[in-house]
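The opening residue of the sequence shown carries number 1 in the UniProt record's numbering; numbering runs sequentially from there. We put the CB at the ideal spot given by N, CA and C, even for glycine. Okay, so here's the structure we're looking at.
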Amino acid sequence: MAGQTTGNAAAEPVLRLGQIGTRLGFSITAAFLTTLGFTAAGRERAAVLYHEADFPAICAALIDHIDAVRNQQYAAA
């Protein structure tokens, strides 16, 4: 599943990239989220912002990505 921004464009982006990493328990980059189909919804100084409503879709896209990598590794073995 490719990621897609689902947040309301009128809603203020408040979810910081660092908060996403804290929730997940590992660091993630804006560049990587872009490869999953999620572009930043804004910036606040150095912070990259996303819509809170996109968090479930970001998680689903990460799960799909990890699944694909795992399957690719086992298929190559």
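Check                                                                                                  : Outcome
Buried versus exposed call for A41 [16 or more other C-beta atoms within 10 Å across all chains shown] : buried
Boundaries (first-last residue) of the alpha helix (DSSP H) holding residue 113                        : No answer is possible for residue 113: the residues shown for the chain start at 1 and end at 77.
Among R16, Q73, N71, A68, nearest to R43 - alpha-carbon criterion                                      : R16
Collapsed DSSP secondary structure at H65 in the structure displayed                                   : helix
CA-to-CA distance, V69 to A53, given in whole angstroms                                                : 26 Å
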